[in-house]
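Here the working numbering is used: the first residue of the first sequence is 5, the next is one more, and so on.
Positions of the beta carbon are idealized from the N, C-alpha and C atoms, including for glycine.
Values in this document were obtained by computation on a predicted structure and should not be read as measured data.
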Amino acid sequence: MKETIRDMLKTAVKAAAAGKKLPVDSIPDAIDVEEPKFESHGDFSSNAAMISAPVQKLPPRVIAQAIIDHIQDSEGVIEKMEVAGPGFINFFIRPDAWRPVLDQIHEKGDLYGSSNFGKGRAVQVEFVSANPTGPLHVGHGRGAAVGDSVAKILSFIGYSVQREYYINDSGRQIRTLGNSVYLRYRELSGEKIEFPDGLYKGDYIIDLAQSVRDLQGDSLLRKPESEAVGFCARYAADIILKGIRDDLAAFNVEFDRWYSEQGLYDSGSVDRSIQSFRNRGLIYEKDGALWFKTSEHGDEKDRVVVKSGGETTYFASDIAYHTEKYERGFERVIDVWGADHHGYIPRIRSFLTALDIDQERFDVILVKMVNLLRGGVQIAMSTRAGEFVTLKEVVGEVGSDAARFIFLTRHYESPLDFDLEVAKKKSNDNPVYYVQYVHARICSIVARGLERGIDAGTAGPEKHSGSIEPEEIRLIKLMNRYPEVVLHAGRRLEPHRITYFLTELASAFHTYYNKHRVLADDIELTRFRLYLVLAVRKIIKNGLELLGVSAPEKM
RNA sequence: GCGCCCGUAGCUCAGUUGGAUAGAGCGCCGGACUUCGAAUCCGUAGGCCGCAGGUUCGAAUCCUGCCGGGCGCACCA
5 MKETIRDMLK TAVKAAAAGK KLPVDSIPDA IDVEEPKFES HGDFSSNAAM
55 ISAPVQKLPP RVIAQAIIDH IQDSEGVIEK MEVAGPGFIN FFIRPDAWRP
105 VLDQIHEKGD LYGSSNFGKG RAVQVEFVSA NPTGPLHVGH GRGAAVGDSV
155 AKILSFIGYS VQREYYINDS GRQIRTLGNS VYLRYRELSG EKIEFPDGLY
205 KGDYIIDLAQ SVRDLQGDSL LRKPESEAVG FCARYAADII LKGIRDDLAA
255 FNVEFDRWYS EQGLYDSGSV DRSIQSFRNR GLIYEKDGAL WFKTSEHGDE
305 KDRVVVKSGG ETTYFASDIA YHTEKYERGF ERVIDVWGAD HHGYIPRIRS
355 FLTALDIDQE RFDVILVKMV NLLRGGVQIA MSTRAGEFVT LKEVVGEVGS
405 DAARFIFLTR HYESPLDFDL EVAKKKSNDN PVYYVQYVHA RICSIVARGL
455 ERGIDAGTAG PEKHSGSIEP EEIRLIKLMN RYPEVVLHAG RRLEPHRITY
505 FLTELASAFH TYYNKHRVLA DDIELTRFRL YLVLAVRKII KNGLELLGVS
555 APEKM
């Protein structure tokens, strides 16, 4: 509909110019056709005349009038047009002209809202990527919800998407994990242990130590410490990673690939990467360490890749990893990180510049923290002390749907308060049910219709020529907007836009439902309304799917 | 001290990448179930969009400077 109007504007300007009413026969691409906030401003409004003023060298209102005079409305969708305010052109759509939108929705079905914006380009979304040193907590849950939803949306707008989890399974933290488990293991074997700071203290470490004992008995005590620690590290990381996979599966998040950091070392990829940058003079030696010249490309200082002790840093494998991402053929790479890592961005960006990779091809989604509350009271969390609420516990308590939806109710850059009690509430406090309820309600209506012998599947508008209610037009207008909401959410990588849209659509539906009966006395009217309501159901389901939330038929 | 993010209704937050008169939910108060699901709806109140300048036809949005908050500034991960 918007495009139609845009086209009409272009042709009108050409026609006006041809008739010598305007000096220039084109309009800038920057013009907008938007839905005004106020109904009195029409269904659509354009700033074309104002934007064109500098080009046409005429007052906006004069241009606007000239355009209106030359609008050709071949399809007859416009009821009236007017010049308003400083030079807006307002369009009022004929109520009947909205009906074809319903046909489009039904024709496109599950694909309504999808597009080919991405043109099949390969994009990778890497998210969660939590170290396998402990269970996932709520913060990871938010990252998972955001990453997965972004992936779904991008896929829906025509990208070829791969979801990846980067496993930090090498380096010091894994050794720390091994040490932690090993010490607990010795403790369980009867030794008196002074548990040092800096090790992982959660109860899960003791559980892991116990299962090492169940498996190996006392045998590790007789082995050299490094070997024993190594065993504990590998064993613990495996178990924890398996737990992470399970937790994510319960959260309806699936990855296409689990990428091992250790693999980058084993394959020699890290060494090759370092060597290649060394050859190019981008990595140099100083004070016995190897440094990357990130400062030349925007970082505030150079960064160490290999410490003087010979140990590589996290940045070393990240260089290799991100290089590989592009070598694997991804045109776009999106990393989802916790906001506390934001200082890391210039590092990666400067390295990409060094690689001569266009910055446009790299995005970071920084997800801010989650404040977990219970009944308005904040729950204290400390990863170090091992006191935190896990994702598994939250999903177990409030359910995957509620958790995912709430994680996506805010822009990811905004800190999120997550109240467990609210998440469980079955009321308007809780937007998940508000939206899901629409789906269930419509399913229920359809079922009742069937009882009366009306098959909603064959319902249609064809014979209904009566007038359309304002609440019906409002619903159709909203649904008409859905494709661009999805597109925008995808372009900006902002799933919350879908959440907001669904809430708005749900609200419009509930209002409609309370005012008008779908199963009316008039059979043709009923068929039309079923047709309408089925379209709503389709979009609710589709939108929820993009958020990774189910659309129940009964609640 | 430097960098990034953020200040919008009592609370939690949106605001279509510069549009007309500022938007929701919650909370408060008052209403609506003999008919398709009340997990719903309807109504009222609530605002120097942190402050001060600037850019222009037009600013919550862009620029500068303050004030206030969060985070980051390692041969950490």
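Residue from the options with nearest C-alpha to residue i
i	options	result
isoleucine 244	Val185, Phe409, Pro474 and Lys61	Val185
isoleucine 561	Ser44, Leu181 and Val310	Residue 561 lies beyond the residue range present for the chain, which begins at 5 and ends at 559; the question has no answer from this structure.
serine 56	His492, Ala22, Gly91 and Ile75	Gly91
glycine 80	Ile71, Trp102 and Asp242	Trp102
arginine 98	Met5, Thr180 and Gln69	Met5
alanine 451	Phe513, His492, Leu534 and Glu488	Leu534
aspartate 66	Gly453, Glu39, Val274 and Lys25	The question names aspartate, yet the displayed sequence has valine at residue 66. Minimum Cα distance to valine 66 is reached at Lys25.
proline 40	Asp73, Pro64, Ala88 and Asp11	Ala88
valine 337	Ser164, Asp36 and Asp114	Ser164
glutamate 549	Val490, Leu536, Ala427 and Arg478	Val490
aspartate 77	Leu395, Lys14, Ser223 and Asp114	Lys14
phenylalanine 505	Val537, Ser471, Leu536 and Lys545	Lys545
alanine 34	Leu225, Pro58, Ser277 and Asp107	Pro58
arginine 414	Lys428, Lys372, Tyr348 and Gly453	Lys372
isoleucine 178	Val132, Gln166 and Arg238	Arg238
Limits of the beta strand (DSSP E) - the one that residue i falls within
i	result
glycine 342	336 to 342
glutamate 417	Here glutamate 417 belongs to no beta strand (DSSP E), and DSSP marks it neither H nor E.
glutamine 128	126 to 130
isoleucine 97	92 to 97
aspartate 11	No beta strand (DSSP E) contains aspartate 11, which is instead part of the alpha helix (DSSP H) from 6 to 22.
serine 49	48 to 50
leucine 376	374 to 378
Residue i, enclosing alpha helix (DSSP H) - first and last residue
i	result
alanine 293	Here alanine 293 belongs to no alpha helix (DSSP H); instead the beta strand (DSSP E) covers 293 to 296.
isoleucine 449	435 to 455
leucine 491	474 to 496
phenylalanine 259	That residue, phenylalanine 259, is in no alpha helix (DSSP H); it is neither H nor E in DSSP.
valine 28	Per DSSP, valine 28 belongs to no alpha helix (DSSP H) and is neither H nor E.
valine 402	395 to 402
tyrosine 322	For the sequence presented, residue 322 should be read as aspartate rather than tyrosine. Run containing aspartate 322: 318 to 331, per the alpha helix (DSSP H) assignment.
valine 308	Element bounds for valine 308: not the alpha helix (DSSP H) but the beta strand (DSSP E), 307 to 310.
glutamine 76	First-last for glutamine 76: undefined, no H or E at that position.
asparagine 518	500 to 519
phenylalanine 355	349 to 359
Residue i to residue j span [Cα, whole Å]
i	j	result
glutamate 417	phenylalanine 199	38 Å
glycine 515	valine 522	The displayed chain sequence assigns threonine, not glycine, to residue 515. The alpha-carbon atoms of threonine 515 and valine 522 are separated by roughly 12 Å.
glycine 403	leucine 376	15 Å
leucine 420	arginine 531	43 Å
threonine 507	arginine 261	33 Å
glutamate 2	tyrosine 517	Only positions 5 to 559 of the chain appear in the structure, and residue 2 is not among them; the question remains open.
aspartate 207	phenylalanine 409	30 Å
valine 105	phenylalanine 96	16 Å
threonine 298	proline 487	41 Å
tryptophan 295	leucine 359	16 Å
alanine 293	arginine 332	30 Å
phenylalanine 319	lysine 227	33 Å
leucine 551	leucine 412	8 Å
serine 312	lysine 290	9 Å
glutamate 315	serine 264	18 Å
glutamate 83	aspartate 11	17 Å
phenylalanine 42	glutamate 7	21 Å
glycine 122	phenylalanine 259	20 Å
Which of helix, strand or coil DSSP assigns to residue i
i	result
lysine 290	strand
threonine 530	helix
tyrosine 170	strand
leucine 62	coil
threonine 137	coil
lysine 84	strand
glutamate 562	With the chain covering only 5 through 559, there is no way to say anything about residue 562.
valine 274	helix
arginine 103	helix
leucine 203	coil
phenylalanine 160	helix
isoleucine 369	strand
phenylalanine 392	coil
Answer yes if the region 527 to 541 comes into contact with the region 440 to 457, meaning at least three C-beta pairs across the two stretches below 8 Å, and no otherwise. yes
Segment contact, 8 Å Cβ cut-off, at least three pairs: the region 116 to 129 with the region 523 to 533: no
Could you say if the region 343 to 358 and the region 298 to 309 meet the contact criterion of at least three C-beta pairs nearer than 8 Å? yes
Decide if the region 144 to 152 is in contact with the region 219 to 230; the criterion is three or more beta carbon pairs, one per stretch, under 8 Å apart. no
Does the region 156 to 172 come within contact of the region 354 to 369, defined as at least 3 CB pairs closer than 8 Å? no
Count the CB pairs spanning the region 488 to 501 and the region 41 to 60 that are closer than 8 Å, and state whether there are at least three. no
Measuring CB atoms only, is the region 259 to 272 touching the region 165 to 177, in the sense that at least three cross pairs come out at less than 8 Å? yes
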